[in-house]
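Following: one structure in C-alpha cells, then a few remarks.
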Amino acid sequence: MDDQRERITEYTRKCADSFLQETRMEEPGPRMTLDNLSMSYGDFRALEDIMLEIPRERITAIIGPSGCGKSSLLRCLNRMNDIIPGCRVTGEVRLDGENIYDPGYDVIRLRRTVGMVFQKPNPFPKTVYENVAYGPRLAGVKDKGELNGVVEESLKKAALWEEVKGKLLGPAMNLSGGQQQRLCIARVLAVEPEVILLDEPCSALDPVATQRVEDLLAELKERYTMVIVTHNMQQAARVSDFTAFVMIENQGEPGEVVEFGETNHIFTNPADERTERYITGRFG
Numbered sequence: 000m001d002d003q004r005e006r007i008t009e010y011t012r013k014c015a016d017s018f019l020q021e022t023r024m025e026e027p028g029p030r031m032t033l034d035n036l037s038m039s040y041g042d043f044r045a046l047e048d049i050m051l052e053i054p055r056e057r058i059t060a061i062i063g064p065s066g067c068g069k070s071s072l073l074r075c076l077n078r079m080n081d082i083i084p085g086c087r088v089t090g091e092v093r094l095d096g097e098n099i100y101d102p103g104y105d106v107i108r109l110r111r112t113v114g115m116v117f118q119k120p121n122p123f124p125k126t127v128y129e130n131v132a133y134g135p136r137l138a139g140v141k142d143k144g145e146l147n148g149v150v151e152e153s154l155k156k157a158a159l160w161e162e163v164k165g166k167l168l169g170p171a172m173n174l175s176g177g178q179q180q181r182l183c184i185a186r187v188l189a190v191e192p193e194v195i196l197l198d199e200p201c202s203a204l205d206p207v208a209t210q211r212v213e214d215l216l217a218e219l220k221e222r223y224t225m226v227i228v229t230h231n232m233q234q235a236a237r238v239s240d241f242t243a244f245v246m247i248e249n250q251g252e253p254g255e256v257v258e259f260g261e262t263n264h265i266f267t268n269p270a271d272e273r274t275e276r277y278i279t280g281r282f283g
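Letter 60 of the sequence shown, counting from 1, is numbered 59 in numbering that gives the first Met the number 0, and no numbers are missing.
Here's what the structure looks like:
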C-alpha cells in the first residue's frame with residue numbers, strides 16, 4: 000500500500016514538473032531586446048551600452064532628467080534617428096529576435112510594426128477621416144468600404160469615435176488638444192502596429208485630457224506593447240508595468256540605464272541609490 004502511494008506521489012510530481020516546464024517553454028520572450036546599444040550625434044555620445052528588454056503587451060516607462068537621452072533611446076526603437084544627419088547607432092535592437100539595424104532589415108516594415116506618437120499632437124491639415132485613412136491608403140487600401148471600417152475601428156480603439164463620428168469630414172485641427180492626441184493614436188493604430196512608442200504624449204495636455212489618454216493606454220496594453228517616455232513620475236507610476244531609469248553621471252557624458260524593473264518595485268524599493276534620489280526629488 001505504501002509502495003502504491005509512493006508511486007502515485009512520484010507520478011503526480013512528474014506530471015507537475017512536466018506542466019511547469021511546458022508552461023515555461025510557452026512563455027514568450029521580450030518583444031524587443033537592446034544589446035550594447037550606443038548612439039552618437041557626430042562627436043557627441045548620447046547613449047552608452049544600453050541593455051534593456053521590453054516585455055510584450057505591457058507598458059514600459061522610460062524616466063530620467065532632461066538631456067539624459069530618453070527620447071533618443073525611444074527613437075532608436077524604430078530607427079527614427081536614421082533621418083538625423085551625423086547620427087550613428089551601434090549595438091543591436093532585436094524585434095522578435097531580428098536585429099532592426101541589420102543592413103537588410105526592411106525599414107518600411109519596421110515603421111508599420113512599430114508606430115510612434117509624438118510629444119505634441121500633430122494631426123495632418125486634413126479632415127478627421129483622412130488623418131486616419133492616410134496610412135492604410137499608403138499601404139494600398141483603396142476600397143471605400145474597407146477604409147470606412149478601418150477608420151471607425153481605429154477611432155473606437157482610440158476611444159474617440161463617439162466624440163467625432165459626426166465630424167469625420169471636418170478639419171482635424173478643430174478638435175481639442177486631447178482629441179487631437181487621441182486622433183494621432185488612432186492614426187497609428189490604423190496601420191496595425193504591434194509596438195507603440197509614445198514620446199511625452201501628455202505633456203501638452205490638461206489634466207482631464209491626460210486622464211483620458213492614460214485610460215486609453217491601459218486599455219491598449221491588452222493588445223499592444225508600449226514604451227512611453229515621461230517626465231511625470233506620477234504618470235509613470237500610474238500607467239506603466241515596467242520602468243527604466245536613465246541618467247548621465249556628469250554633464251556631457253552619455254546616458255545609461257541605471258535601473259530597470261517592475262514599476263512598483265522601482266518606485267517603492269529601488270535597488271540603486273541614484274534611482275531613489277531621482278524619484279523622491281533629491282536628484283543631484
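We put the beta carbon where it would ideally sit given N, CA and C, even for glycine. A quick note: this is a predicted structure, and the numbers were derived from the prediction, not measured.
- With 16 or more other CB atoms across the displayed protein chains lying within 10 angstroms of its CB, V238 is buried.
- Contact holds between the region 201–211 and the region 174–184, because three or more Cβ pairs, one in each stretch, are under 8 Å apart.
- Where R211 is concerned, the enclosing alpha helix (DSSP H) starts and stops at 206–219.
- Spanning the alpha carbons of V88 and V163 requires a straight line of approximately 41 Å.
- In this structure E129 is buried. Its beta-carbon is surrounded by 16 or more other beta-carbon atoms within 10 angstroms.
- Comparing C-alpha distances from A157 to each of A235, G85, A185, L196 shows the shortest one belongs to A185.
- At least 8 Å separates the beta-carbon of N80 from that of E91.
- Non-local C-beta neighbours of T274 in its own chain, meaning closer than 8 Å and more than five positions away in sequence, comprise F244, V257, E258, I265, ordered along the chain.
- I195 and M115 have their C-alpha atoms some 6 Å from each other.
- CA-to-CA, the gap between A45 and M246 works out to about 11 Å.
- Close CB contacts of Q118 within its chain, under the 6 Å cut and outside five residues either way in sequence, are with D198, E199, S202 (chain order).
- Looking at P253, V226, G165, the one whose alpha-carbon comes closest to that of V113 is V226.
- Of the candidates P64, R57, G63, N77, the residue whose Cα lies closest to the Cα of L33 is N77.
- For R30, the closest of I49, E56, G41, M50 by C-alpha to C-alpha distance is E56.
- Note on the region 121–199: whole beta strand (DSSP E) runs with a minimum of 3 residues are 194–198, in chain order.
- Closest by C-alpha distance to A132, out of G251, G148, P120, is G148.
- Of the residues L154, L168, E221, the one whose Cα lies closest to the Cα of V190 is L154.
- A straight line joining the alpha-carbon of M50 with that of G68 spans about 14 Å.
- Rounded to the nearest whole angstrom, the C-alpha separation of E248 and N35 is 18 Å.
- In this structure, the beta-carbon distance from V228 to S65 does not fall below 8 Å.
- Inclusion of N121 and C183 in the CB contact set at 8 Å is warranted, their separation being smaller than that value.
- In this structure, DSSP gives E252 a state outside helix and strand, which the three-state scheme calls coil.
- Straight-line spacing of the CA atoms in L167 and A236 works out to 35 Å.
- Per DSSP, the continuous beta strand (DSSP E) segment holding F241 begins and ends at 241–246.
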